[in-house]
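With the numbering used here as the guide, the letters of the sequence shown map in order to residues 485 to 901.
We put the beta carbon where it would ideally sit given N, CA and C, even for glycine.
Comments concern the structure below.
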Amino acid sequence: MREDSCDAVNRVDQQRLWQRHMEMARIGAIPNNGVNRAALSREDIAARRLLLAWARQRNFTVCVDGIGNLFLRRAGSDPNAAPVMTGSHMDSQPRGGRFDGIYGVLAGFEALEAMDEAGVRTRRPIEVVAWTNEEGGRFQPCTMGSMVFTGARPLADVLDVTDNDGITLRDALAETLAATPEATKREFKMPAAGYIEAHIEQGPLLENAGKTIGVVTGIQGLRWFNIEVFGKTDHAGTTPLALRKDALRDAIAIIDALRDLAHDPADATRFTVGRMLVTPNSPNSVASHVLFSVDLRHPDPKRIRGLGEAVGPLARKAAKFCDVKVTPSLHDDPCAFDANVIAAIEDAAKNLALPHLRLPSGASHDAMYMARVCPTGMIFVPCEKGISHNEAENAKPADLAAGARVLTAALIELANR
Ligand SMILES: [Zn+2]
């Protein structure tokens, strides 16, 4: 490892990083250690103010773009070089935990502080970014900040979205932007030389394998479908089975067939039917109509494409008595992270003698959009029992610090290329 990297890594302060998590967790705190910090809410504004107060103490410059993404910059020796970025989000699920998202922002900030204290000079500037509205709990869609920043969707597309109280994103955003007047306005699509996002794993693989660092290879692909089965309602006591058009019986046959389709000895394919509506939903009536959701995920583009294409024909074939309608509702291709960024993260973990593991991300992240515009990677750290999007979300101070050390070394490496 480079000598300046060693110095900076040694300055990563586990106690300080943990304290900052606990301080942030007080903003929007709910019972049982939970956090409710909706995007562009009063709590989100308070979190932004706190982050900017810390940035001011370090003389980091602060920018904000038109959707409220915040960028804290530590200067490089070449002021014209595109920055390397790191970060994540500060909003949470309505009953979220203390680490999802905020860890990536605080680990990035810790990395910059450690570099400052070690007197490290990097060629490129390094920026910590806090993306707006990653969770999508209050305003949909999710990962909105990175989506708009990278130009995947224009800002005008989302301004009229409303929350459950009828407040528009336009109004909530204006209030949020007004709360950070010291931030310089920045345009979307500003070029970045690289992006690394640190995050809790939100799954059990690292903990089960006894590893501290997840070197994330990409984000798996996702296909959603709504499947409708059209039958005929009849009396449960008087209608012989042979004469029925039972929509629920066919729905179950379809789900069984799809589960066989998704069967995977490697256990990498994810298949979920999480929602079902049965009509008339009465114990003594044969179901006339069933609607259910299908969520399929896999990291390999060929495999997820094959699965997605098979759903319609298989569903129609499996239904013995009823008509079937299959409607695709969401389609995200798998995203593969950059080989050089993956190597920088893996080398850092090796050099620090931290047990590590390559794995794909099961959940979506802002890194998915950044991967479209610059070399991107992610670092995972374990969370207790893999629990996330839950008040019980927990992580060990030592694991959070280990992730921040790997992040620090990898950022210095990328910022000198
Ligand atoms: Zn997150």
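Quick check on DSSP: helix, strand or coil for residue i?
i	result
A682	strand
I551	coil
T660	helix
N874	coil
K669	strand
G887	helix
R754	strand
R728	coil
D740	helix
P590	Checking the sequence shown, residue 590 turns out to be Leu, not Pro. Here L590 sits in helix by DSSP.
D497	coil
D734	helix
L524	coil
N692	helix
K880	coil
A746	coil
D471	Only positions 485 to 901 of the chain appear in this structure, which leaves residue 471 out of reach.
D562	coil
R486	coil
R532	helix
G654	What sits at residue 654 in the sequence shown is Arg, not Gly. Looking at R654 - three-state DSSP - the assignment turns out to be helix.
R540	helix
May I ask you to list the residues that DSSP assigns as paired with residue i?
i	result
T455	The displayed coordinates of the chain run from 485 to 901. Any statement about residue 455 would go beyond what the structure contains.
M569	E611 and Y679
F864	H683 and G698
E712	L775 and K809
L706	R781 and D816
G518	I514
R557	T545 and E611
G580	V519
H505	BP columns for H505 are empty, so no partner.
F719	The sequence shown places His at residue 719, not Phe. S769, per the DSSP bridge assignment.
Does the beta carbon of residue i fall short of 6 Å from some heavy atom of ligand 1?
i	result
D575	no
G861	no
G846	no
G887	no
G620	no
D584	yes
Within its chain, find whatever has a CB closer than 8 Å to the CB of residue i; leave out the 5 residues flanking it on each side and keep chain order.
i	result
L706	D779, L780, R781, I788, L814, H815, D816 and S848
A720	P767, N768, S769 and V770
D562	R607 and R608
D644	T652, L653 and R654
Excluding the five sequence neighbours on either side, which residues of its own chain have a C-beta within less than 7 Å of the C-beta of residue i, listed in chain order?
i	result
S630	W615, D850, Y853 and M854
K729	G715, K716, F805 and C806
V890	I697, I829, A832, A833, L836, L838 and I863
F755	L742, R743, A746 and L780
A667	V546, C547, V548 and L554
D748	none
R533	A663
N824	P859
So, for residue i: in the same chain, excluding its five sequence neighbours on each side, which residues have a beta-carbon less than 6 Å away from its beta-carbon?
i	result
A820	G702
D488	V604
F593	V612
T763	S772 and H773
A802	A737, I738 and A741
M760	F776
K809	E712
A693	L841
Contiguous alpha helix (DSSP H) assignments of at least 4 residues, all confined to the stretch 777 to 855:
785 to 802, 823 to 835 and 851 to 854
Pick out the complete beta strand (DSSP E) segments inside the stretch 593 to 652, 3 residues or longer, and give them in chain order.
610 to 615
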